[in-house]
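Protein chains in written order, with the numbering used here: chain A, 182 to 402; chain B, 182 to 402. Working notes, beginning with the structure itself.
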């Protein structure tokens, strides 16, 4: 009984680490978006430093999964959780990396704002969408809610629409057609888009763990 | 004996699928670099279409790993192979995605060349480095050579140096300071850099499978 008790505690710990990773990724995106909007150097530095927390949690997750697989014989739903937790954890860690990249872009241009005025609203909305998708993952993991996980791809469509709008504004006639701005915005757009793509990938894994089914559509992350 | 024979055949098949994925990623990068250098639409289309082959191999790999874990009790090196094959396979599939993104950039500007003359040499060298790293993965997997896998991060340093040089040229005074060019080159640079980062991540997994040790340095993918 002791042995099985440990086993179930380990599986709960896998869920707990996925939750921690999702919450760290969500928080990193919220803070990175604020650092970018306000050209807030201290906040940017904090996001960059806190990325190490995600890396540590992800390593802990991998070691735990390896230990459980080596010492137990999980089947069915438990095995789905253990095998899908690895790519889900990798995706969440990557979301943290991308939030840190956004914070680095804010830091690079400090005390200037990395985003020119005509793009601030669109980039801020991309940050909101990204943080919202991460928030959906936090809730879906906490409540083990497959239906909520299944809604994440629709949020990614909103990101894609904002990303297209961003390029339209960037390419429009404007006083600010500097190469530096084009570089910054292209990469910032990419970081937000990839954050959302990764959120979709993680949501697919959570859905699979909970239902043993893959979501309907295949999307290129 | 039949049962164990199947088990060992399955483990060989995991290695075989990793090899296939690495070779598909390498080939995709070689062809994408050529499509970009020559503004070759047919070649770009081929890279984009062939990306589905990587996706299929990766799904096959995941299903095989899941089946082996569910029906056998692998330990030690076999368990390392099975658990590390999942992120290694994901990284190789992502390398194929990035090569396809490079091909899409070539297609978008066809019949023009997406890369302005002053950047063609640098971008071509980035393509060479990327294809070379993928080639090292192919060989390391085929010959199960941990020392070769351990050399991949040094190749990524070469990519980072080229990436910095690319930005220096892009920001230099030039007749071509168009926003469109700055966008294309920023993203092309990012795709090449990420391809190399992913190659480093895969190499770390291969090294871990073969040695049970993590390489010395932690690098942010």
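Using N, Cα and C, we set each Cβ at its ideal position, and we do this for glycine too.
Requested in this report: Compare the Cα-Cα distances from residue 192 of chain A to each of A:214, A:205, A:262 and report the closest residue.
Outcome: Residue 192 of chain A sits at position 11 when you count from the first residue of the first chain. Considering only alpha carbons, the answer is A:262.
Query raised in the report: Would you call the segment 236-250 of chain A and the segment 264-274 of chain A in contact, with 3 or more CB pairs under 8 Å?
Result: In short, these stretches touch, since the Cβ pair count reaches three.
Query raised in the report: Got a sec: is the Cβ-Cβ distance from residue 358 of chain A to anything in chain B below 9 Å?
Result: As a working note, residue 358 of chain A is residue 177 in the first chain. By this cut-off, residue 358 of chain A is an interface position.
Requested in this report: Name, please, each residue of chain A whose Cβ falls closer than 8 Å to the Cβ of residue 271 of chain B.
Outcome: If you number the second chain from 1, residue 271 of chain B lands on position 90. Neighbours of residue 271 of chain B on chain A, chain order: 268, 271.
**Report entry** Test item: CB-CB of residue 365 of chain A and residue 295 of chain A under 9 Å
**Finding:** As a working note, residue 365 of chain A is residue 184 in the first chain. As a working note, residue 295 of chain A is residue 114 in the first chain. Between residue 365 of chain A and residue 295 of chain A, the gap from beta carbon to beta carbon is short of 9 Å.
Query - Simplified DSSP state of residue 237 of chain A, which is helix, strand or coil - result: By one-based count along the first chain, residue 237 of chain A stands at place 56. Correct three-state label for residue 237 of chain A: helix.
Query raised in the report: What runs of the alpha helix (DSSP H), each 4 residues or longer, lie entirely inside the segment 311-371 of chain A?
Result: Look at the segment 311-371 of chain A and you find these whole runs of alpha helix (DSSP H), each 4 residues long or longer: 327-331, 333-352.
Query raised in the report: Is there at least one Cβ from chain B nearer than 9 Å to residue 241 of chain A's Cβ?
Result: As a working mapping, residue 241 of chain A is identified with position 60 in the first chain. False, the Cβ-Cβ gap to chain B never drops below 9 Å.
Requested in this report: Can you tell me which of the three DSSP states residue 394 of chain B falls into?
Outcome: Translated into positions along the second chain, residue 394 of chain B becomes position 213. If DSSP states are grouped into helix, strand and coil, residue 394 of chain B belongs with coil.
Query raised in the report: Taking Cβ-Cβ distances shorter than 8 Å, what residues in chain B pair up with residue 254 of chain A?
Result: Taking the first chain and counting its residues from 1, the one referred to as residue 254 of chain A is at position 73. Result: 254.
Query raised in the report: Which residues, taken in chain order from the segment 288-306 of chain B, show a beta carbon closer than 8 Å to some beta carbon of chain A?
Result: Those would be none; no residue qualifies.
**Report entry** Run of the alpha helix (DSSP H) containing residue 268 of chain A, from where it starts to where it stops
**Finding:** Residue 268 of chain A sits at position 87 when you count from the first residue of the first chain. According to the DSSP assignment, residue 268 of chain A belongs to the alpha helix (DSSP H) that extends over 257-290.
Report task. Measure how close the beta-carbons of residue 322 of chain B and residue 203 of chain B come, nearest whole angstrom, since I'm counting them as under 8 Å. Result -> The count along the second chain starts at 1 and reaches residue 322 of chain B at position 141. The count along the second chain starts at 1 and reaches residue 203 of chain B at position 22. That pair is a contact at about 5 Å.
Query raised in the report: Between residue 376 of chain A and the rest of its own chain, which residues show a CB-CB distance below 6 Å, the 5 nearest in sequence each way excluded?
Result: Along the first chain, one-based indexing puts residue 376 of chain A at 195. Taking C-beta separations shorter than 6 Å and ignoring five residues to either side along the sequence, the partners of residue 376 of chain A in its chain run 276, 279, 311, following chain order.
Report task. Could you tell me which chain B residues have their CB closer than 8 Å to the CB of residue 376 of chain A, listed as they occur along the chain? Result -> As a working mapping, residue 376 of chain A is identified with position 195 in the first chain. Correct list: empty, because the minimum Cβ distance to chain B is about 14 Å.
Query raised in the report: Mind pulling the chain A residues with CB within less than 9 Å of residue 361 of chain B?
Result: Along the second chain, read from residue 1 onward, the residue named residue 361 of chain B stands at position 180. Per Cβ cutoff of 9 Å: 352, 363.
**Report entry** Among A:299, A:238, A:225, the one whose alpha carbon lies nearest that of residue 290 of chain A
**Finding:** As a position in the first chain, residue 290 of chain A is number 109, starting the count at 1. Closest by alpha carbon: A:225.
Query raised in the report: Would residue 257 of chain B count as contacting chain D if we go by Cβ distances under 9 Å?
Result: Any reference to chain D falls outside this structure, whose protein chains are A and B.
Requested in this report: Taking the CB atoms as reference points, tell me whether residue 390 of chain A and residue 308 of chain A lie closer together than 9 Å.
Outcome: Taking the first residue of the first chain as position 1, residue 390 of chain A is located at position 209. Taking the first residue of the first chain as position 1, residue 308 of chain A is located at position 127. Between residue 390 of chain A and residue 308 of chain A, the C-beta gap is not smaller than 9 Å, which leaves the two residues out of contact.
Requested in this report: Leaving aside the five residues before and after residue 315 of chain A along the sequence, list all residues of the same chain whose C-beta is less than 7 Å from its C-beta, in chain order.
Outcome: Against the first chain, residue 315 of chain A aligns to sequence position 134. Leaving aside the five residues that flank residue 315 of chain A on each side, the residues in its chain whose CB is nearer than 7 Å to its CB run, in chain order, 203, 206, 207, 210, 276, 380.
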